[in-house]
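All remarks here apply to the structure that follows.
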Amino acid sequence: MDLISEINSADIRDFDQAIDFKYYFQNKLVSLWFSHSITTQDFMYYLTLMYEKIMDQLILHRLSSFEICVIGFGKIGSKEINFSSDIDVCFVFKAREDEEKVIREVRNFLRETNQIKGGRFIWRLDLDLRPGGRASPVAVSDSFFSWYYLNLGKIDDRYSLLRARPFAGRKEIGERVLKEIEPFVFRKYLDFSVIERLKEIKILISRHIRSEDSGFDVKYSKGGIREIEFVVFANQLMFGGKDLRFREKSTTKILEILEKEFIKKSYGISLKDCYIFLRELESLVQLNEEYRFNITEKDIPRILEFYGIGYDQFSQKLNEVRSIVSDVFRETFEVEEPEYKIITESSSDEDIEHYLSSLNYKDVKSASGIIKDLLRRTSFLKERQRVFMYDQDISESISPERIISYIVWHCSKVKNSDSALSYISSFLHSVGRRRGIYTMLFKNENLLKTLLELMSRSRFFSNFLIRHPESIDTIFLSGKREILPEDENKFWERVKNLPTESVLDEIRRQKKEKILITVLDDISMKLDIFDVSHRITAIYDFVVRQTVSLTAKDKIGLDSPPADLDIPYVVIAIGKYGSEEAIYGSDADILLSFYDGEDFERWIKFSQRFLNFLVSKTNEGEGLQVDMRLRPSGRAGPIALSQKAFSSFYLETQNIWEIFPLLKARVVFDGYGKYSDFLNDLKNKAFGRFEFDRIKKQMLEIREKSQKHLSR
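Add 324 to the 1-based position in the sequence shown for our numbering, that's all there is to it.
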């Protein structure tokens, strides 16, 4: 029987059966692993499945009268449990259950399953990671679980939730509450404050571990497991909001992503293999003593036997692994700072201006005024934030003087220092009190250099970022982003169940992000105007088409992506937008129509809602700037016309200028797929009515009117 089948077939009804199965199966796995019949990853995976089976069976026979789920954290959550790991869990029950009774029964369950019998035990369950920690009851309701994290959650809670998953019992309860708190765990925007917090925790841990005179601590020492885990945690929290790959629970899979795309330096041993090596040492040490993490002399024979090597080879590999881990940890959590002068509020104007002059600023008086203003506006960074870990408190104070002085120094390195300083000042004003962005700029020199370089060269970019400061993460990740909007079908599938306002936010986020990436590419790669127009047009088309789908869902209850939307409605682009020559800030000139035989009032109301959605401003920014003045009959005409009325206008008007919009007309959305042929035929007929001399005469009249208008 294979290992999976053996686990699945186990019938565990009480404590004695659970403990017998655990020791039988665990010993079998250790034997297979030590003989290299299974890999270390398989060893951890099967151990996890063993504990899942035991917990699930005991819940079934002890707590089956309640709707309850056990959520696993840490290594049980990532399915990487080792030989003697604690099992971090939280018991979550449906709010409609009798809370007092559930808590009492869970307490009894814990008392029974945590006991030691004849030197043997099932597990060491640790409930400290539940919402509220030790101050909370041993089981919490699903509503409290969600409410706590969304309202009271701290950075430390986000770390613990990275690996959280339903572990046993009614797993659907766990899946639902974990989905509800995803916005808390994975922020939409990069949050570099997580790095600062992890550095603090690492310092605190270092104070608690033994001196290495008592042996290398596999978990906590420099170059140990915890440093790798911190690198993983930091990247997951920074990028998981945008890049779904970073929501993966497995440490080894995250390490594969990091090594492939984020860790630039090449090492002799992969970070994933370093992690597995350290986890192997952890298990080998704990085969001798379950609570220990430091390698001692008595562990060496077993370690050398496992690897089949001599002591010198082992020592060499351990040192190499530790060196690699420490190097990656240092690269992730530390930044080299340039030499620069610290400017404070007490610095005299004369001193500041003299320093700015040495940095080659031109208008030193204006620059000095900007710096003084920045120091005043960032004084809130001196306010202390209290955080707690390991029952100790730490106070973190980010110095505004250091950050502003750092920015001033970097501004001096770009071509137009004065302009860059002015724009970064306006940007920081729009940032407000968001500490994370200040930390991001201070801890990421390349990001700040890129930002200032762009600000010194592009007014459009600077003003865009001032209006949308949250878009700074797009700059940070621009090299890893698609240049065009998301696939229409995938996008709609992702947003279709969201509230209307949230869908509008997502549409605007796509628009904002892709336009910013276009600007970045335009500045850095000098795109030609055709490439820029192609991208802008594609972005506008995406916004228009997704807005049609949203309107159809809102007004007529249809839930389909644009390509599958079977409605008698048409959106036509004209002008520069129609000819795919739109540029930054171009209006979206459009015409709206619907097929003959349809209810006029219904599609007028549909059009009103569509336009409202298309232009409305949300938290994520503005929609499109729509211009419909060139529609048939201009502002006096209806906002949408039937196919027949549309045709009649262009075939009956005697003014050539009223037909001109058809020259660049392009169908952007067509629910029935027949309007392009109709439009091409209409163009031929409409222009075919006019002889060349008549066209020439009217063009001269238009030119004359324009000149008179300009001369006023």
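Positions of the beta carbon are idealized from the N, C-alpha and C atoms, including for glycine.
Treat the numbers as computed from the prediction; the structure is a model and nothing was measured.
C-alpha gap between residue i and residue j, whole angstroms
i, j, result
"Asp-340", "Ile-581", "43 angstroms"
"Leu-595", "Tyr-762", "30 angstroms"
"Arg-757", "Leu-986", "50 angstroms"
"Lys-835", "Glu-606", "49 angstroms"
"Ala-989", "Gly-881", "29 angstroms"
"Tyr-901", "Lys-1029", "25 angstroms"
"Lys-686", "Asp-673", "15 angstroms"
"Leu-745", "Ile-694", "8 angstroms"
"Lys-584", "Ser-590", "10 angstroms"
"Ser-1023", "Trp-816", "The residue you asked about is not Ser; residue 1023 is Met in the sequence shown. Roughly 45 angstroms between the two C-alpha positions."
"Gln-640", "Ile-633", "11 angstroms"
"Ser-681", "Ile-860", "41 angstroms"
"Asn-740", "Lys-773", "13 angstroms"
"Arg-1027", "Phe-1011", "20 angstroms"
"Ser-786", "Met-779", "5 angstroms"
"Arg-487", "Tyr-472", "18 angstroms"
"Asp-326", "Leu-373", "13 angstroms"
"Asp-1017", "Pro-956", "24 angstroms"
"Met-562", "Phe-570", "9 angstroms"
"Ser-670", "Glu-725", "11 angstroms"
"Tyr-919", "Asp-855", "34 angstroms"
"Leu-628", "Asp-541", "18 angstroms"
"Gln-709", "Ser-723", "Model confidence at Gln-709 stands at a pLDDT of 46, short of 50, so the residue's coordinates are unreliable and nothing is read from them."
"Asp-742", "Ala-691", "7 angstroms"
Per-residue DSSP class, three states only, for residue i
i, result
"Ser-574", "coil"
"Leu-954", "coil"
"Thr-363", "coil"
"Lys-665", "coil"
"Asp-567", "coil"
"Asp-541", "strand"
"Arg-710", "With a pLDDT of 37 at Arg-710, under the threshold of 50, the predicted position of this residue should be treated as unreliable, though the coordinate-derived value follows. Strand at Arg-710."
"Arg-489", "strand"
"Lys-478", "coil"
"Asp-450", "strand"
"Thr-702", "coil"
"Tyr-893", "strand"
"Gly-693", "helix"
"Arg-511", "coil"
"Lys-403", "coil"
"Asn-612", "coil"
"Leu-605", "helix"
"Ile-718", "Here Ile-718 scores only 33 on pLDDT, less than 50, and its place in the model should not be relied on; the value that follows carries that caveat. Three-state DSSP puts Ile-718 in a strand."
"Asn-821", "coil"
"Arg-444", "strand"
"Leu-965", "strand"
"Thr-620", "coil"
Residue i vs residue j beta-carbon contact at 8 angstroms
i, j, result
"Tyr-908", "Phe-784", "yes"
"Ile-552", "Val-649", "yes"
"Tyr-635", "Ile-624", "yes"
"Val-950", "Ala-912", "yes"
"Ile-392", "Phe-367", "no"
"Asp-852", "Asn-943", "no"
"Ile-790", "Phe-766", "no"
"Asp-380", "Ile-411", "no"
"Gly-547", "Arg-646", "yes"
"Val-413", "Ile-395", "yes"
"Val-501", "Val-462", "no"
"Ser-402", "Thr-575", "yes"
"Val-1039", "Leu-1003", "The requested residue 1039 does not occur in the structure, where the chain is confined to residues 325 to 1036."
heavy atom of the ligand GTP below 7 angstroms from residue i C-beta
i, result
"Val-354", "Ligands in the displayed structure: none, and consequently the ligand GTP is not present."
Start and end residues, beta strand (DSSP E) containing residue i
i, result
"Phe-657", "Not the beta strand (DSSP E): Phe-657 falls in the alpha helix (DSSP H), residues 635–657."
"Ile-395", "392–396"
"Val-416", "411–417"
Terminal residues of the alpha helix (DSSP H) in which residue i lies
i, result
"Pro-461", "Per DSSP, Pro-461 belongs to no alpha helix (DSSP H) and is neither H nor E."
"Ala-342", "339–358"
"Asp-911", "No alpha helix (DSSP H) contains Asp-911, which DSSP labels as neither H nor E."
"Val-868", "853–880"
"Ile-427", "423–437"
"Gln-949", "Run containing Gln-949: none; DSSP gives neither H nor E here."
"Leu-938", "924–939"
"Phe-630", "624–631"
4 or more residues per run - each alpha helix (DSSP H) lying fully within the region 970–1026 | DSSP runs (the alpha helix (DSSP H)) wholly in the region 970–1026: 980–983 and 999–1012.
Enumerate, from N- to C-terminal direction, the unbroken alpha helix (DSSP H) stretches of 4 or more residues contained entirely within the region 752–815.
-> Counting only runs of at least 4 residues, the region 752–815 fully encloses the following alpha helix (DSSP H) elements, listed from N- to C-terminal order: 759–767, 769–781, 783–791 and 796–801.
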